[in-house]
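Engineer: The sequence shown: position 142 = 146 (our numbering), numbered continuously.
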Amino acid sequence: MIRFWLRFRASLRSLLVADLVFGMVVLLSGRTSRRMACGRNLVLAGGKMQVKDINRVGEARKSQVAPSLSAKSVLHLGLQGKPPFVRLAQSPSVMILAPVGEVRSPQAEFVKEVLAAPDQWSQSQQAHILKDDRTSLILRLEGPEGPLVLKSYRMRKPIDPVLDRMRFSRAHRSFAAAHAIAQLGFSTPFAWGCSNTLYHRWPLAAHLITDYLDGFPTLAELMASPACKRHPRWLAKTVRAFASWLARLHDSGIHHPDLKPVNILVQAPNLDDSAPTPNDFILIDLDRVTIRSHLRPRQQLRNLVQLHGSFQADLPWKLRLDFWQHYQADLATPFTASFAELESETLRWLGKRKQW
5 MIRFWLRFRA SLRSLLVADL VFGMVVLLSG RTSRRMACGR NLVLAGGKMQ
55 VKDINRVGEA RKSQVAPSLS AKSVLHLGLQ GKPPFVRLAQ SPSVMILAPV
105 GEVRSPQAEF VKEVLAAPDQ WSQSQQAHIL KDDRTSLILR LEGPEGPLVL
155 KSYRMRKPID PVLDRMRFSR AHRSFAAAHA IAQLGFSTPF AWGCSNTLYH
205 RWPLAAHLIT DYLDGFPTLA ELMASPACKR HPRWLAKTVR AFASWLARLH
255 DSGIHHPDLK PVNILVQAPN LDDSAPTPND FILIDLDRVT IRSHLRPRQQ
305 LRNLVQLHGS FQADLPWKLR LDFWQHYQAD LATPFTASFA ELESETLRWL
355 GKRKQW
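Laid out in structure tokens, this is it:
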């Protein structure tokens with residue numbers, strides 16, 4: 005026990021030293037101007053927002069994976085003609101968009117009011133706490149035209165304020181990813197805006213406001229429900245539709261590092277109706293999403309292992325095999341791993357989680 009404690013303390017000390025050294029290197033490298041580039045051409049690259057030639061990126065994605073993607077990103081607010089969104093506010097710490105036609109709506113004004121002082125809403129009578137832990141605080145707010153979600157990202161480590169001074173916050177990354185994947189044809193709650201709570205220019209928290217989707221269960225809740233298990237054909241159709249949706253997500257170059265059934269909402273949960281289609285799945289929790297021209301096989305395998313680990317308790321072996329076969333059939337670029345390899349990787353991943 006003493007030996008374990010000494011090793012743990014030494015590893016913790018080395019991690020803290022590495023964080024401090026990395027923070028000082030980034031601070032001295034002159035990258036502070038990249039942090040607040042909102043309003044210029046932005047694309048997601050490697051988990052960070054970087055200024056790029058959005059015309060080339062957009063045209064490449066348009067020709068390869070997404071025919072509906074315009075030549076310029078929705079985050080480039082200087083579009084010619086009529087852009088789908090209008091910028092309501094932009095500063096070094098606040099970014100707000102509204103759909104065309106809702107610029108002067110009560111909902112847009114309410115969003116501006118909330119982001120002006122987001123820390124005060126946790127004590128408001130209009131707020132209902134959905135989650136409160138060390139990393140985030142999620143509130144449901146009753147807006148004048150429907151409920152909203154205010155998600156406040158807290159600093160997890162002492163070095164985070166230093167790093168967030170040079171990079172985009174998790175709220176900004178979620179905000180950008182929501183509009184980017186919507187342009188690629190995938191559903192996600194509409195992101196109204198994001199802001200940072202600053203103390204002498206040092207970020208203490210980041211805030212994101214999105215629409216609240218009421219009545220949509222997560223895929224995990226749907227598969228675990230007794231009613232769904234009493235309708236095996238309906239469940240099988242849902243699994244196949246989800247496999248087609250996942251194949252299209254991967255073909256579009258979208259990687260969600262925490263792709264689990266709890267981070268996927270389903271729009272058509274009524275068992276009396278037809279099963280969900282590939283367009284009925286909604287992606288949430290986007291702060292770590294990256295978008296590339298194509299996914300690496302390792303990223304695809306990671307997503308599949310995470311999903312299969314969650315499927316172990318709710319889906320029988322035949323349905324898991326059916327999911328794999330439909331995923332392989334709908335992929336534009338074949339995936340080389342076999343179902344047996346996927347099952348073994350999943351068991352190995354579950355074993356590591358139990359040890360941890």
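We put the beta carbon where it would ideally sit given N, CA and C, even for glycine.
Please read these numbers as outputs of a predicted model, since none were measured by experiment.
At a Cβ threshold of 8 Å, is residue 154 touching chain C?
Structural biologist: In the displayed structure, chain C is absent; only one protein chain is listed.
Engineer: Whole angstroms are fine: how far does the CA of residue 347 sit from the CA of residue 340?
Structural biologist: 14 Å
Engineer: What is the DSSP secondary structure of residue 341, counted as helix, strand or coil?
Structural biologist: coil
Engineer: Could you tell me the boundaries of the alpha helix (DSSP H) in which residue 233 lies?
Structural biologist: 230–233
Engineer: From what residue to what residue does the beta strand (DSSP E) around residue 209 run?
Structural biologist: Segment 206–215, the beta strand (DSSP E) holding residue 209.
Engineer: Curious, which full-length beta strand (DSSP E) runs of at least 3 residues does the stretch 264–352 contain?
Structural biologist: 268–270 and 285–287
Engineer: Within 10 angstroms of the Cβ of residue 263, are there 16 or more other Cβ atoms? Answer buried if so, exposed if not.
Structural biologist: It counts as buried.
Engineer: Contact between the stretch 200–217 and the stretch 171–179: three or more CB pairs below 8 Å?
Structural biologist: yes
Engineer: Is it true that the CB of residue 260 sits closer than 8 Å to the CB of residue 299?
Structural biologist: no
Engineer: Can you give the beta carbon distance from residue 197 to residue 323, rounded, assuming they're within the 8 Å contact cut?
Structural biologist: With 8 Å as the limit, residue 197 and residue 323 do not qualify as a contact, their Cβ atoms being about 40 Å apart.
Engineer: Are there three or more Cβ pairs, one per stretch, closer than 8 Å when the stretch 285–300 is compared with the stretch 177–185?
Structural biologist: yes
Engineer: Taking residue 253 as part of the alpha helix (DSSP H), name the residues at either end of that continuous run.
Structural biologist: 236–255
Engineer: Our contact map puts residue 216 next to residue 138 with C-beta atoms below 8 Å; I'd like the distance itself, whole angstroms only.
Structural biologist: Their Cβ separation, rounded to whole angstroms, is 23 Å, which puts residue 216 and residue 138 out of contact at 8 Å.
Engineer: Buried or exposed for residue 303, please, with buried defined as at least 16 other CB atoms from any protein chain shown within 10 angstroms of its CB.
Structural biologist: buried
Engineer: Tell me which same chain residues have a C-beta within less than 6 Å of the C-beta of residue 370, skipping the five on either side of it?
Structural biologist: Nothing about residue 370 can be reported from this structure: the residues present for the chain run from 5 to 360 only.
Engineer: Nearest-angstrom Cα distance between residue 205 and residue 159?
Structural biologist: Between residue 205 and residue 159, the C-alpha separation is close to 15 Å.
Engineer: Express the C-alpha separation of residue 135 and residue 246 in angstroms, rounding to a whole number.
Structural biologist: When rounded, the distance between both Cα atoms is 27 Å.
Engineer: Does the Cβ-Cβ distance between residue 165 and residue 226 come in under 8 Å?
Structural biologist: Between residue 165 and residue 226, the gap from beta carbon to beta carbon reaches 8 Å or more.
Engineer: What is the DSSP secondary structure of residue 42, counted as helix, strand or coil?
Structural biologist: The pLDDT assigned to residue 42 is 32, lower than 50, so where the model puts this residue is not dependable; a value taken from the coordinates is nonetheless given after this. The answer is strand: DSSP assigns residue 42 an E or B state.
Engineer: Identify, in the order they occur along the chain, each residue of the same chain with its Cβ nearer than 7 Å to the Cβ of residue 156, setting aside the five sequence neighbours on each side.
Structural biologist: 122, 140, 141, 209 and 211
Engineer: Just the C-alpha distance for residue 333 and residue 117, rounded to the nearest angstrom, thanks.
Structural biologist: 48 Å
Engineer: Would a C-beta distance cut-off of 8 Å place residue 349 and residue 305 closer than the cut-off?
Structural biologist: yes
Engineer: On the DSSP letters alone, give me the boundaries of the alpha helix (DSSP H) that residue 176 sits inside.
Structural biologist: In the DSSP annotation of this structure, the continuous segment of the alpha helix (DSSP H) that includes residue 176 starts and ends at 174–187.
Engineer: For residue 161, does the three-state DSSP call read helix, strand or coil?
Structural biologist: In this structure, residue 161 counts as coil in the three-state DSSP scheme.
Engineer: Please report the distance separating the alpha-carbon of residue 343 from that of residue 335.
Structural biologist: 15 Å
Engineer: Going straight from the alpha carbon of residue 133 to that of residue 154, what length do you get?
Structural biologist: 10 Å
Engineer: Checking 8 Å against the spacing of the C-beta atoms, do residue 147 and residue 114 come in under that value?
Structural biologist: yes
Engineer: Could you tell me the alpha carbon to alpha carbon distance between residue 354 and residue 328, rounded to whole angstroms?
Structural biologist: 19 Å
Engineer: Under DSSP, the alpha helix (DSSP H) around residue 117 begins and ends at which residues?
Structural biologist: 110–120
Engineer: When DSSP labels each residue in this structure, what does residue 99 get in the three-state scheme?
Structural biologist: strand
Engineer: By the three-class DSSP mapping on this structure, what secondary structure does residue 225 have?
Structural biologist: helix
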